[in-house]
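Structure representation (structure tokens):
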């Protein structure tokens, strides 16, 4: 969790962290990996 003060500024680093990580984008239960959204890399 993280403190959200400004949705436009505070989410961008989280999106970069999420989309930059195969581990975070991969389901622990079924192994399906979410595709990368190029807007957030």
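In the numbering used here, the protein residues as written are 802 to 842. From the three backbone atoms N, C-alpha and C, an ideal C-beta is built for every residue, glycine too. These figures come from a predicted structure and were not determined experimentally.
Check, Outcome
"Backbone CA spacing between residue 820 and residue 830 [nearest angstrom]", "19 Å"
"Option in 802, 837, 806 and 805 with minimal Cα separation from residue 822", "837"
"Helix, strand or coil at residue 834 [DSSP, three-state]", "strand"
"Same chain only: Cβ atoms within 8 Å of residue 833, ignoring 5 sequence neighbours per side", "827"
"Straight-line Cα distance separating residue 825 from residue 808", "21 Å"
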